[in-house]
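Residue numbers (numbering that gives the first Met the number 0): 0 to 200. Reading through the structure tokens given below for one structure.
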Amino acid sequence: MTGFPRMKAYLASLPGGTTAYPAYEAKASLVRFMLEVCPPPTDVSELPSDVASVLTDPPPANVWISEALHFACTLALADHHKLDERGVRSFWFEQMSLLVQSPLYRGLLTSLTPQTLLKTAGMRWTGFHRGMELEAAESGEDAIELVLRHPPGLVTPFLAEGFVGCFHALGAASTVPGMRVKLAAVHPSRATFRMAWGAEA
0 MTGFPRMKAY LASLPGGTTA YPAYEAKASL VRFMLEVCPP PTDVSELPSD VASVLTDPPP
60 ANVWISEALH FACTLALADH HKLDERGVRS FWFEQMSLLV QSPLYRGLLT SLTPQTLLKT
120 AGMRWTGFHR GMELEAAESG EDAIELVLRH PPGLVTPFLA EGFVGCFHAL GAASTVPGMR
180 VKLAAVHPSR ATFRMAWGAE A
């Protein structure tokens, strides 16, 4: 394959490509909202068949797909639209903003206080991801640290930048819309994010 370099490198790095880590799954609704922001390529002949299938005929919103396949779809869209790190942050910010405001998820994800985010981040996370763990802890008076744990290589530094946009969208829909999010650290099996507001922002 000559196109989709980041997707190609990502799948080559995983044991089994899109079937890697089968216990780790994502809701297909995430892909459906991604496609509202970044349409798929019209020519999918260079994509693996399962990636092409999900992008051109996404499963119903409540279906679970492999997390590796979800991320491969993300990278295929990022490659097609030539997104850099800033671009993927904006991509997932827009995707998550659509999801947060959708009738299905609005009650679950809008108008959350920082205290609620702190106490329930892990529980709310499991509505969209199985296997990967999200832990939240206080970090100073006006900040929360989020730690995302995953198998080696499942979340690349580029994908971690996308999660900055995702968490930023949740912050924007919270009771403190001026919340700032940054990627604090990336390791092979975890990524750490900081959500801050008030004096900490």
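Even for Gly, the Cβ is constructed at its ideal location relative to N, Cα and C.
Apart from the five residues on each side of it in sequence, which residues of its chain come closer than 8 Å, Cβ to Cβ, to R31?
P57, A60
Close-in-space but distant-in-sequence residues of the same chain around A135 (CB under 6 Å, 5 per side omitted)
L117, A120, I143, L145
Out of V180, F3, M194, P151, which one is the CA nearest neighbour of L74?
F3
So, using beta-carbon positions, are G152 and V175 closer together than 9 Å?
no
If you follow the beta strand (DSSP E) that A190 is in, where does it begin and where does it stop?
189-195
Taking three-plus beta-carbon pairs below 8 Å as touching, is the segment 83-91 in contact with the segment 155-167?
yes
Which of the three DSSP states is assigned to L133 in this structure?
Three-state result, L133: strand.
S65 lies in the beta strand (DSSP E); which residues open and close that run?
Unbroken beta strand (DSSP E) run through S65: 63-65.
Run the CB neighbour count on K181, radius 10 Å, all protein chains shown included, and call it buried at 16 or more, exposed below.
exposed
Tell me whether K26 is buried or exposed, calling it buried when 16 or more other Cβ atoms sit within 10 Å of its Cβ.
buried
With DSSP collapsed to three states, give me the class of V36.
helix
Using three-state DSSP, classify A149 as helix, strand or coil.
Inspection of the sequence shows that residue 149 is occupied by His rather than by Ala. Coil at H149, not helix or strand.
My understanding is that F70 touches Y20, with C-beta atoms under 8 Å, so please give their C-beta distance in whole angstroms.
About 11 Å separates the two Cβ atoms, so there is no contact after all.
Distance, Cα to Cα, P39 vs V99?
22 Å
Boundaries of the alpha helix (DSSP H) in which L158 is found, first to last residue
Counting along the chain, L158 sits inside the alpha helix (DSSP H) bounded by residues 156-171.
Apart from the five residues on each side of it in sequence, which residues of its chain come closer than 6 Å, Cβ to Cβ, to A77?
If we look at A77 and ignore the five residues flanking it on each side, its Cβ neighbours are V87.
According to DSSP, what are the bridge partners of A22?
A22 pairs with nothing; no bridge assigned.
Can you tell me which of the three DSSP states H79 falls into?
helix
Can you check whether the CB of S52 is closer than 9 Å to the CB of L103?
no
The beta strand (DSSP E) spanning A183 covers which residue range?
179-186
For A190, does the count of other Cβ atoms within 10 angstroms reach 16, so buried, or fall short, so exposed?
buried
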